[in-house]
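**Student:** Here it is, the structure in full.
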Ligand code: HEC
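Numbering (the UniProt record's numbering), first residue to last: 1 to 163.
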C-alpha cells in the first residue's frame, strides 16, 4: 500500500501548491500571455518548440510518462501528461509559466513547498514569448470544456492578484 499512499500525498502537495499559489505568487510572474485566440503562427512555433524541448519527458503526443502518479525511490514524480488526462489544466497560466521558466523546484520553493521536482528550468533556453507559445500549443489540444475550465482558473488567479 505504501506507494499508493506516497502517490496520494505527492498529488496532494501539488494540489495544495496550486491553492497557495493563488495567494502568494512570486512577484516575477507574468500573467498576460497565451490566450484562446493564439494565432496559427504562434501555435506552429509552440508545437515545434514543444517537440524540441518538452516531448522527451512529457511525450510527443502530450501523454506524459508511464505511471506518472507514482514517485520513484527518490520521491520524484515522473513527467505528467499535458493533455486532458493530466493536471496541467488545473493550474492557472501564471503557474504553468513559472513552472516552465523557473522549474518545479524554484516555483514550489517560492511557495514554501518542498518537492524534489524533476521539472527543469527553461529560463536559459526559451524566451518568455516562446514559453507562452508552447503553453498556447498545449492548450490548443484540449477539448473546449477543459479549455474553459482552465481559463476560469486563470481568471480567478488574476482577480486574486489584482485585489
Ligand atoms: C527532463 C524531463 C522534463 C522536460 C524536458 C520537461 N519537463 Fe515538465 N515536468 C517534468 C516532471 C518530472 C514534472 C513533474 C514534477 C513536478 O511537478 O515538479 C514536470 C512538470 C511540469 C509542469 C507542472 C505539472 C503540470 O502538469 O502542470 C509543467 C507546466 C511542465 N512540466 C511544463 C513543461 C514544458 C512546457 C516543457 C518544455 C518547455 C517541459 N515541461 C519539459 C519533467 C520534464
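The beta-carbon is built from N, C-alpha and C at its ideal position, and this holds for glycine as well.
1) Go ahead and label residue 143 buried or exposed: buried means 16 or more other beta carbons lie within 10 angstroms of its beta carbon, across all protein chains shown.
2) Spatial neighbours of residue 82 within its chain, please: CB distance less than 6 angstroms, with the 5 preceding and 5 following residues excluded, ordered by chain position.
3) Going by beta carbon distance, what residues of the same chain come within less than 7 angstroms of residue 121, once the five residues before and after it are set aside?
4) Could you give the C-beta distance for residue 108 and residue 94, rounded to a whole number, given that I count them as a contact under 8 angstroms?
5) Could you tell me the boundaries of the alpha helix (DSSP H) in which residue 139 lies?
6) Flag residue 86 as yes when its Cβ comes closer than 7 angstroms to any non-hydrogen atom of the ligand HEC, and as no otherwise.
7) Do you know how far the Cα of residue 153 is from the Cα of residue 163?
**Tutor:** Working from what's here:
1) Position 143 of the chain shown, counted from the start, is the residue given in the question as residue 143. Residue 143 is exposed by the Cβ-count criterion.
2) Start at 1 with the first residue of the chain shown, and residue 82 comes out as number 82. Result list for residue 82: 58, 62, 88, 138, in chain order.
3) If you number the chain shown from 1, residue 121 lands on position 121. Within its own chain, the residues whose Cβ lies closer than 7 angstroms to the Cβ of residue 121, once the five positions on either side in sequence are excluded, are 101, 102, 103, 106, listed in chain order.
4) On the chain shown, residue 108 is found 108 positions in, with the first residue counted as 1. On the chain shown, residue 94 is found 94 positions in, with the first residue counted as 1. Rounded, the Cβ-Cβ distance is 14 angstroms, inconsistent with contact.
5) Here the question's residue 139 lines up with position 139 in the chain shown. Its alpha helix (DSSP H) spans residues 128 to 140.
6) Within the chain shown, residue 86 is the residue found at index 86, counting from 1. Yes - the ligand HEC has a heavy atom lying nearer than 7 angstroms to the Cβ of residue 86.
7) For the purposes of this step, residue 163 is taken as residue 163 along the chain shown, with counting starting at 1. For the purposes of this step, residue 153 is taken as residue 153 along the chain shown, with counting starting at 1. Going from the Cα of residue 163 to the Cα of residue 153 covers about 16 angstroms.
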